[in-house]
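K.L.:
Using this note's numbering, read the sequence shown as starting at 130 and increasing by one per residue. We put the beta carbon where it would ideally sit given N, CA and C, even for glycine.
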Amino acid sequence: MMNLSKRTFLKSIVAASIFAVVGFNAEPVYSSSPDTIKLGYLVKQPEEPWFQTEWAFADKAAKDIGNVQIIKIAVPDGEKTLNAIDNLAASGAKGFVICTPDPRLGPAIMAKARAYDLKVIAVDDQFLNAAGEPMTEVPLIMMAATEIGERQGQELYKEMQQRGWDVKDTAVLAITADELDTARRRTEGAISALIKAGFPAQHIYKSPTKSNDIPGALDAANAMLVQHPEVKHWLIVGMNDNTVLGGVRATEGQGFKADNVVAIGINGVDAVNELSKPNPTGFLGSLLPSPDVHGYRSTEMLYKWIKDGVEPEKYIAVQDVVFLKRDNFKAELAKKGL
Ligand code: GLA
């Protein structure tokens with residue numbers, strides 16, 4: 130009797146730890162052979178197709194290299210992040226790629242990784258040290274934020290001109306998330322490009338979002354829209370697709386017709402549902418950077434670092450961008466294998 134309950138207890142511990150390591154959507158860790166190299170890939174928002182794409186291409190890199198297994202874990206907060214690192218170490222992983230849920234976790238993540246002798250590559254969002262400065266010593270692969278933001282601003286301006294809108298009745302709603310540097314750089318890039326093109330700075334209204342998702346952005350947008358009943362046409366700026374989608378939903382809620390709104394997102398892969406709708410909305414399109422490249426290269430770099438001691442580059446900013454609209458998004462995504 131004693132033995133039986135002890136065994137059941139042990140079994141449940143094993144099951145629980147496998148579950149903890151496996152995390153969101155991951156392959157079972159016990160399926161690998163002893164010489165398989167295990168690498169973690171931790172992302173803050175696994176619900177975003179952006180991060181699912183990074184995971185898919187991390188797997189592709191692992192397959193191309195051979196004998197590499199990617200352990201994918203969702204890390205929506207600090208506690209889950211630190212637990213994930215413990216679990217990775219326990220499962221014998223040698224390093225991980227991470228998009229942190231909060232850049233200020235950088236020092237805690239690095240301390241834990243160092244204690245376990247795990248190598249770390251940051252993706253998308255850069256770590257900050259205790260003084261709030263970027264931790265440039267940690268290798269980083271991210272999108273060229275300022276340039277892609279500038280493109281958002283240029284395309285919005287172009288569309289406004291094509292529609293023949295009078296700037297007098299037009300305003301920019303910029304939904305901001307300035308505590309995240311990549312987000313701040315994108316929206317600042319968009320705003321500076323609009324001003325450079327000739328858009329009046331006094332018609333640009335910034336509204337900070339409390340969370341980086343559609344509901345957060347919707348609230349931020351609603352708060353600003355009600356303050357400007359004089360505006361007939363809105364251009365919407367934001368750091369990614371979900372942010373500008375929150376803005377679009379707010380304009381719809383306040384009675385604006387799709388014709389009077391232009392929003393351009395960033396991420397591309399997160400815009401597929403919106404661009405597939407039978408009738409056009411205020412969401413004109415999205416700038417697609419390279420989540421495939423982020424996922425593939427970061428994995429490849431981490432592997433080479435572990436296997437052959439090749440130090441990764443400290444900073445890679447991926448510039449390539451494709452403007453997806455309703456008429457080209459399927460073909461453009463297919464070209465990239467997405
Ligand atoms: C941030 C955003 C994501 C995505 C990545 C791309 O992490 O939260 O939606 O835009 O940047 O680098």
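Just the Cα atoms here: how many angstroms apart are glutamate 442 and histidine 362?
P.N.:
44 angstroms
K.L.:
Report yes or no: do three or more beta-carbon pairs, one from the stretch 200–217 and one from the stretch 226–234, lie closer than 8 angstroms?
P.N.:
Pairwise C-beta distances place the stretch 200–217 in contact with the stretch 226–234, as three or more of them are shorter than 8 angstroms.
K.L.:
Between which residues of its own chain and valine 439 is the CB-CB distance below 7 angstroms, once the five residues before and five after are set aside?
P.N.:
Lys433
K.L.:
Could you name the residues that DSSP lists as bridge partners for isoleucine 214?
P.N.:
According to the DSSP secondary-structure assignment, isoleucine 214 is paired through a beta bridge with no residue.
K.L.:
Name, in chain order, the residues that DSSP records as bridge partners for isoleucine 445.
P.N.:
Ile270
K.L.:
Measure from the alpha carbon of valine 447 to the alpha carbon of each residue in Gly424, Pro205, Asp456, Met272, then state which is nearest.
P.N.:
Met272
K.L.:
What I want to know is whether the C-beta of threonine 165 ends up closer than 6 angstroms to one or more non-hydrogen atoms of the ligand GLA.
P.N.:
no
K.L.:
Does the count of Cβ pairs from the stretch 233–246 and the stretch 420–433 closer than 8 angstroms reach three?
P.N.:
no
K.L.:
Is the beta carbon of alanine 350 less than 7 angstroms from the beta carbon of glycine 384?
P.N.:
no
K.L.:
Return yes when the Cβ of isoleucine 200 is within less than 7 angstroms of the Cβ of lysine 167, no when it is not.
P.N.:
A contact, by the Cβ cut-off of 7 angstroms.
K.L.:
I'd like to check one pair, aspartate 370 with serine 415: are the Cβ atoms closer than 7 angstroms?
P.N.:
yes
K.L.:
Using CA coordinates, which residue listed in Lys339, Leu364, Ser340, Asn196 is at the minimum distance from leucine 323?
P.N.:
The residue with the shortest Cα to Cα distance from leucine 323 is Leu364.
K.L.:
In whole angstroms, give me the CA-to-CA distance for glycine 152 and aspartate 388.
P.N.:
With a pLDDT of only 45 at glycine 152, under the threshold of 50, the placement of this residue in the model should not be trusted; the figure read from the coordinates follows. Taking the straight line from one Cα to the other gives about 43 angstroms.
K.L.:
Give a yes or no on whether the C-beta atoms belonging to valine 391 and leucine 467 are separated by under 7 angstroms.
P.N.:
Against a cut-off of 7 angstroms, the Cβ pair of leucine 467 and valine 391 comes out as no contact.
K.L.:
List the DSSP bridge partners of isoleucine 305.
P.N.:
Per the sequence shown, residue 305 should be read as threonine rather than isoleucine. In the DSSP output, where bridge partners are listed per residue, threonine 305 has Pro337.
K.L.:
With hydrogens ignored, establish whether the beta-carbon of tryptophan 294 is closer than 6 angstroms to any heavy atom of the ligand GLA.
P.N.:
no
K.L.:
Compute every distance between the C-beta of methionine 264 and the non-hydrogen atoms of the ligand GLA, then say whether any falls below 6 angstroms.
P.N.:
no
K.L.:
Please determine if the stretch 405–424 and the stretch 458–467 are in contact, where contact requires at least 3 C-beta pairs separated by less than 8 angstroms.
P.N.:
Counting Cβ pairs under 8 angstroms, three or more are found: they touch.
K.L.:
Residue range of the beta strand (DSSP E) that leucine 416 falls in?
P.N.:
Here the beta strand (DSSP E) through leucine 416 covers 412–417.
K.L.:
Should threonine 380 be labelled buried (16 or more other beta-carbon atoms within 10 Å of its own) or exposed?
P.N.:
buried
K.L.:
Return yes when the C-beta of threonine 410 is under 6 angstroms from any heavy atom of the ligand GLA, and no when it is not.
P.N.:
no
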